[in-house]
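The numbering of the sequence shown is the numbering used here, which starts it at 14 and goes up by one. Cβ atoms here follow ideal geometry from the backbone N, Cα and C, with glycine treated the same way. A short worksheet on the structure shown next.
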Amino acid sequence: MSMSLRAKKVIMSEELEERLENVQELRKEEYETYVLVKDRTTGEHYVRYTQRHLNIMEGGVEDVFDHLLPVSTDDVLAIVFGEQDYTYPTEWKQKYLRGSNVDPYVWFDPTDLLADPNDDSLGKEIYGMLETFKAKKNFDDQAIAKLFKQIDDMLENKDKK
């Protein structure tokens with residue numbers, strides 16, 4: 014039996030396409046699609062959310078963003094029978110895969126983002142750093158690198174708390 018996708022850190026889109034088969038389309042809109050998919054090699058199920066975005070600035074190139082949320086067997090049945098919501102991002106509160114046909118898929122953990130949706134202190138602190146940076150009117154490479162280092166250091170210190 015092949016290794017579970019959950020055990021891999023990076024998954025190429027070619028491997029993903031070989032392993033996944035559609036079980037049931039859940040919802041399709043102009044730029045969004047939800048499909049229940051199954052890994053042929055492990056039997057694991059995922060809700061696949063695909064979002065298409067027409068990038069006008071790139072000459073009308075279509076960007077495709079793909080997300081795969083692992084779901085248990087019980088969740089599969091509840092989703093199929095319409096008893097459980099699966100919409101992105103509301104119901105995506107656990108690790109899920111994200112990537113595209115041009116980028117490898119990696120696991121993303123949204124739990125840090127969900128800690129306190131009303132806590133905007135981090136954003137205010139970064140905004141303050143940007144305002145100070147703009148006020149100095151020095152936009153050379155060294156000044157920009159210094160700003161990024163300050164932001165990285167601040168974020169790293171927040172993670173340690």
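Residue j beta carbon less than 7 Å from that of residue i
i      : j      : result
His80  : Tyr109 : yes
Arg65  : Tyr44  : yes
Trp105 : Leu82  : yes
Glu38  : Val23  : no
Close-in-space but distant-in-sequence residues of the same chain around residue i (CB under 7 Å, 5 per side omitted)
i     : result
Asp88 : Gln97
Glu34 : Val50, Lys51, Arg53
Any non-hydrogen atom of the ligand PLP closer than 6 Å to residue i Cβ
i     : result
Arg53 : Absent from the structure shown: the ligand PLP. Ligands present: none.
Closest residue to residue i among the options (Cα-Cα distance)
i      : options                        : result
Val115 : Phe78, Gln64, Lys147, Lys41    : Phe78
Arg61  : Thr124, Thr100, Asp165, Leu168 : Thr100
Val36  : Val93, Met16, Ser26, Glu28     : Val93
Leu163 : Glu138, Asp153, Leu82, Tyr47   : The sequence shown places Gln at residue 163, rather than the Leu named in the question. Cα-wise, what sits closest to Gln163 is Glu138.
Thr103 : Ser15, Glu71, Thr124           : Thr124
Ser85  : Ile24, Glu30, Tyr59            : Tyr59
Those residues which DSSP pairs with residue i across a bridge
i      : result
Asn68  : Val74
Gly112 : Asp79
Lys51  : Glu34, His58
Nonlocal neighbours in the same chain, by C-beta distance under 8 Å from residue i, ignoring five residues either side
i      : result
Leu143 : Leu160
Ser113 : Ser26, Asp76, Val77, Phe78, Asp79
Cβ shell of residue i (< 6 Å), same chain only, five flanking positions each side left out
i      : result
Arg32  : Asp52, Arg53, Thr54
Phe146 : Leu160
Rounded distance between the beta-carbons of residue j and residue i, thought under 8 Å
i     : j     : result
Glu57 : Ser17 : 6 Å
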